[in-house]
Amino acid sequence: MSKIRKVISFFVVFTLAFGVISQTAYASDQSAKIDSIIRNGKLSVHKAELIGADGTEYEVNVYEKKQQVSANEYVKEYAYKLDENNMTLATSGSQSQQIWDSSGGVEGFLTLYYEKDGDNYLITRITGDWLIHDSGTAIKDKKLIAACNHGFYGDQYISQDITTGSFDITTGWERYAESTAGFVAIGARTTCKLYRISSGSSWKFEVDNVIAGGMIDP
Numbered sequence: 653m654s655k656i657r658k659v660i661s662f663f664v665v666f667t668l669a670f671g672v673i674s675q676t677a678y679a680s681d682q683s684a685k686i687d688s689i690i691r692n693g694k695l696s697v698h699k700a701e702l703i704g705a706d707g708t709e710y711e712v713n714v715y716e717k718k719q720q721v722s723a724n725e726y727v728k729e730y731a732y733k734l735d736e737n738n739m740t741l742a743t744s745g746s747q748s749q750q751i752w753d754s755s756g757g758v759e760g761f762l763t764l765y766y767e768k769d770g771d772n773y774l775i776t777r778i779t780g781d782w783l784i785h786d787s788g789t790a791i792k793d794k795k796l797i798a799a800c801n802h803g804f805y806g807d808q809y810i811s812q813d814i815t816t817g818s819f820d821i822t823t824g825w826e827r828y829a830e831s832t833a834g835f836v837a838i839g840a841r842t843t844c845k846l847y848r849i850s851s852g853s854s855w856k857f858e859v860d861n862v863i864a865g866g867m868i869d870p
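If you count the sequence shown from 1, position 146 lands on 798 in our numbering, and the numbers rise without skipping.
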């Protein structure tokens with residue numbers, strides 16, 4: 653019986669160790685991807701927003717890189733890091749102003765897969781992830797909002813809670829959205845809540861990754 657227990661214990665330890673190694677390798681690969689987008693991409697005109705519970709607000713740089721993969725198919729990658737090189741204090745909050753601790757090790761990316769015909773766009777797939785490299789930072793309430801509409805259309809819309817680490821969503825949309833129309837929403841927004849465990853501070857983090865127009869609240 654003791655031999656059986658030892659064998660079972662070995663496999664349990666092995667499985668746990670393999671899981672940790674796999675997660676570490678994944679995080680390393682995704683961090684390298686984010687670094688590549690920031691290094692080789694360009695600064696997006698849309699800033700991300702990090703807002704503390706007391707009203708303190710930071711603007712966060714978002715970088716983007718576009719690749720054409722066929723005659724009418726494109727991939728656009730977005731990436732960000734919450735560090736001192738990419739954050740600017742926009743609004744101070746209360747007297748007990750919260751300061752974001754950039755050692756929190758938060759970064760992330762989002763990728764839009766889309767088709768383009770002239771000024772018309774069709775988003776076909778959306779992938780992304782938030783990466784937390786510090787055990788002192790917790791993330792909750794992750795959400796993706798996406799749209800590919802113009803004019804009075806509003807049916808091509810996604811509002812989805814993200815319960816896993818990463819996400820990979822095929823939209824199933826079929827109608828192209830006209831980027832030159834009066835009202836346009838072509839892109840995606842991610843939101844989440846970040847908690848700094850040591851200070852007890854909470855923050856809302858919102859990133860708009862927009863091809864054309866602007867995102868709307870659900």
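We put the CB at the ideal spot given by N, CA and C, even for glycine.
Is DSSP giving residue i helix, strand or coil here?
i    : result
K792 : strand
S754 : helix
M739 : strand
A669 : Caution applies to A669, whose pLDDT of 42 falls short of 50 and renders its modelled position unreliable; the model cannot decide the point.
N713 : coil
S748 : Bear in mind that a pLDDT of 48 at S748, under 50, signals an unreliable position, so the number given afterwards is only what the model happens to contain. Coil.
G866 : coil
D781 : strand
A677 : helix
K685 : helix
Y805 : coil
In the DSSP output, what is residue i paired with across the bridge?
i    : result
S811 : I797
V727 : Q719 and Y765
G704 : W855
D860 : R841
G760 : Y732 and W782
K699 : In the DSSP output, where bridge partners are listed per residue, K699 has none listed.
S818 : D781
I690 : BP columns for I690 are empty, so no partner.
Cβ atoms of residue j and residue i: under 7 Å apart, would you say?
i    : j    : result
G780 : L764 : no
I821 : I778 : yes
E767 : N724 : yes
G757 : H785 : yes
F857 : L741 : no
E716 : Y730 : yes
L783 : Q720 : no
K718 : K728 : yes
E711 : T743 : no
T843 : K795 : yes
N692 : N713 : no
State the CB to CB distance for the pair residue i and residue j, rounded to an integer number of angstroms; the pair is presumed to be in contact (CB under 8 Å).
i    : j    : result
A700 : V836 : Wrong, their Cβ atoms sit about 21 Å apart, outside the cutoff.
I838 : G806 : 13 Å between Cβ atoms; not a contact.
A798 : A840 : 4 Å
T776 : Y847 : In fact, because the Cβ distance is near 34 Å, the residues do not count as touching under 8 Å.
Q812 : R827 : Their Cβ separation, rounded to whole angstroms, is 20 Å, which puts Q812 and R827 out of contact at 8 Å.
List, from N- to C-terminal side, the beta strand (DSSP E) runs of 3 residues or more that fit wholly inside the stretch 823-855. 836-848
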